[in-house]
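Note that full-length UniProt numbering numbers the sequence shown so that position 56 is 56, with each residue one more than the last.
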Amino acid sequence: MTKSATERKRVRRAPSGAGRDLSDNRSKQPVSKKDAYQVFSEKVRDNKQLKSKWAIMQETRVEYFRGKDFPVFLKDHLEVKEVLGEDKDLDDEDIINALLRKNLIVRCDRVVKTLRPGKKKLSSWPVHLEIHNEQIFSKEDAFFAWTFMKRRALWQTILSFLWPLVALAMCLFPVYPYQVKIVVLYSCAGAMLFIVAILLIRAAIFGALYLILGKRVWFFPNINAEETTFSELVRFWPSKEDGEPIKWTARLFYAIVSLLVILLLRHHAPDEAARARYQTKVSNIIDEMLEWSPKLALSGMLEKQQPANATERSPSNGTWPGSGEEGADEETMTVDSDGFENKDIDDDGSAA
């Protein structure tokens, strides 16, 4: 009994310090691992080699990637796994399951699971997502959305403060000096003309190659992308074509439609007189916008107010006060609409 009591006391006393140390180690270990996985997640998300898209999930805009792309990314970028420390040797499935347990990502599923009319397969990048019931890694038609806020770069913070100034500068455009207005107008018009010209040229090349050779070739393939790097934006040559070959019946149909559209536009094109009128009207609008100034606007308002003031000073019956019926033969003064003084003329034609 004494020995057992002594052992109980030892058991009660020994774990007190050991339990505290163990709890401290456990509390520290997850924090360090969480920080490592957090850094790993930020590095993976900032790396543009892992292809990702934006979608709507429960009225929230999220960034997501496909499950089949994640192992390929880790295989090509082993340096990213070095951030995990001791866990860098884990399998890709174990790493992404750890991210799921730490709520750094969430597995999603497509909302629309039925094929649309005329489609042979579902979209590779759905626009609407929902949370999946099973939060485990999968490669087959699985999507994973980031749950943490992306770290904002310094230039983005600076731009967020500059946007209100840009909006204010746009509102104050009418009061700019004439030379500044010319620079702004031609710069914006030149940039817009350049973008529209590129879009028309690439569309014309795509249509010609589609109808003649049956190829789908989009030069500058990322020019309409919402989020991409500058190197990808200016990439001229498109990637390798993927998809089924184009049927000759489809090419013939679109060729006939294109020919009909061209003939219709040519038939309803404006003549030279109408074009000149449109050009004159647009030129007048641009000239009025460029030549407008606060001084001219104020002077115009003053000119409009002068006839009104002259009308208020003149009597309503056309004669000045004090000239009654008895003094009809006397000299009376009236003021016409132009502000000039006129004398009344007698019946014999001489001035009164």
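Ideal Cβ placement from N, Cα and C applies to all residues, glycine included.
Looking only at its chain, what residues have a beta carbon closer than 8 angstroms to the beta carbon of I198, apart from the 5 residues adjacent to it on each side? Closer than 8 angstroms at Cβ, skipping near neighbours: F220, I223.
C-beta contact flag for L129 and F144 at 8 angstroms: Going by C-beta atoms, L129 is not nearer than 8 angstroms to F144.
Residue closest to I136, alpha-carbon to alpha-carbon, out of E93, A269, E291, I56: Just measuring C-alpha positions, the residue of E93, A269, E291, I56 sitting nearest I136 is E93.
Would you kindly check if the distance between the Cβ of R110 and the Cβ of L122 is under 8 angstroms? Cβ distance < 8 angstroms, so L122 and R110 count as in contact.
CA-CA distance, W237 and P174? Approximately 42 angstroms between the Cα atoms of the pair.
Would you list the one or two residues that DSSP bridges to E130? The partner list for E130 (beta bridge, DSSP) reads D109.
Kindly confirm or deny that the segment 157–166 and the segment 65–82 touch, where touching means at least three C-beta pairs closer than 8 angstroms. Segments in contact, no.
If you compare alpha carbons, which of L211, F206, V257, K48 is closest to L233? Distance check between L233 and each of L211, F206, V257, K48 places K48 closest, using alpha-carbon atoms only.
Which of the three DSSP states, helix, strand or coil, is assigned to W218? The answer is coil: DSSP assigns W218 none of H, G, I, E or B.
Express the C-alpha separation of N133 and R45 in angstroms, rounding to a whole number. Those two C-alpha atoms are separated by around 24 angstroms.
Among residues of its own chain, excluding the 5 on either side of K113, which ones have a beta-carbon nearer than 8 angstroms to its beta-carbon? The residues are L122.
I'd like to check one pair, E42 with R151: are the Cβ atoms closer than 8 angstroms? Yes, the pair counts as a contact, with Cβ atoms nearer than the cut-off.
By a C-beta neighbour count over all protein chains shown, 10 Å radius and 16 as the cutoff for buried, is N52 buried or exposed? Note on identity: in this sequence residue 52 is Ser, with Asn being the wrong assignment. That one is buried.
Using only alpha-carbon positions, find the residue among A36, P71, V106, Q38 that is nearest to Y64. Checking every option, the nearest Cα to that of Y64 belongs to V106.
Starting from F73, trace the beta strand (DSSP E) in both directions and tell me its first and last residue. First-last for F73: 69–76, but that is the alpha helix (DSSP H), not the beta strand (DSSP E).
If you drop the 5 nearest sequence neighbours on each side, which residues of the same chain put their C-beta closer than 7 angstroms to that of N103? Result list for N103: T147, in chain order.
So what does DSSP say about F148, is it helix, strand or coil? DSSP places F148 in coil when its eight states are reduced to three.
Whole-angstrom C-beta distance between F40 and K90, which should lie under 8 angstroms: It should be noted that the sequence gives Leu, not Lys, for residue 90. Contact annotation, L90 with F40: C-beta distance approximately 11 angstroms; criterion of less than 8 angstroms not satisfied.
Looking only at its chain, what residues have a beta carbon closer than 6 angstroms to the beta carbon of R275, apart from the 5 residues adjacent to it on each side? Scanning its chain for C-beta atoms nearer than 6 angstroms, with the 5 sequence neighbours on each side dropped, one finds no residue around R275.
Would you say G214 and I256 are within 8 angstroms of each other, going by their C-beta atoms? Cβ distance not < 8 angstroms, so G214 and I256 don't count as in contact.
For S231, I'd like the list of residues in its chain whose CB is within less than 8 angstroms of its CB, leaving aside the five on either flank, ordered along the chain. Take S231, set aside five residues on each side of it, and no residue of its chain has a beta-carbon closer than 8 angstroms to its own.
Can D235 and W218 be called in contact, C-beta distance under 8 angstroms? Looking at the sequence provided, one finds Arg at residue 235 rather than Asp. In this structure, R235 sits away from W218, with a CB-CB distance that is not shorter than 8 angstroms.
Over the uninterrupted beta strand (DSSP E) stretch that includes V62, give me the two end residues. Per DSSP, the unbroken beta strand (DSSP E) holding V62 starts and ends at 60–66.
Suppose the cutoff is 7 angstroms on Cβ atoms and the five residues either side in sequence are ignored; what does the same chain contact list for S138 look like? Taken in chain order, the residues that qualify are G67.
Closest Cα partner of residue 358 within the set P177, L252, R266: Outside the shown range of the chain (1 to 352) lies residue 358, about which nothing can therefore be said.
F253, DSSP secondary structure in three states: DSSP places F253 in the helix class (H, G or I) of the three-state scheme.
A55: first and last residue of the uninterrupted beta strand (DSSP E) it sits in: That run of the beta strand (DSSP E) goes 53–57.
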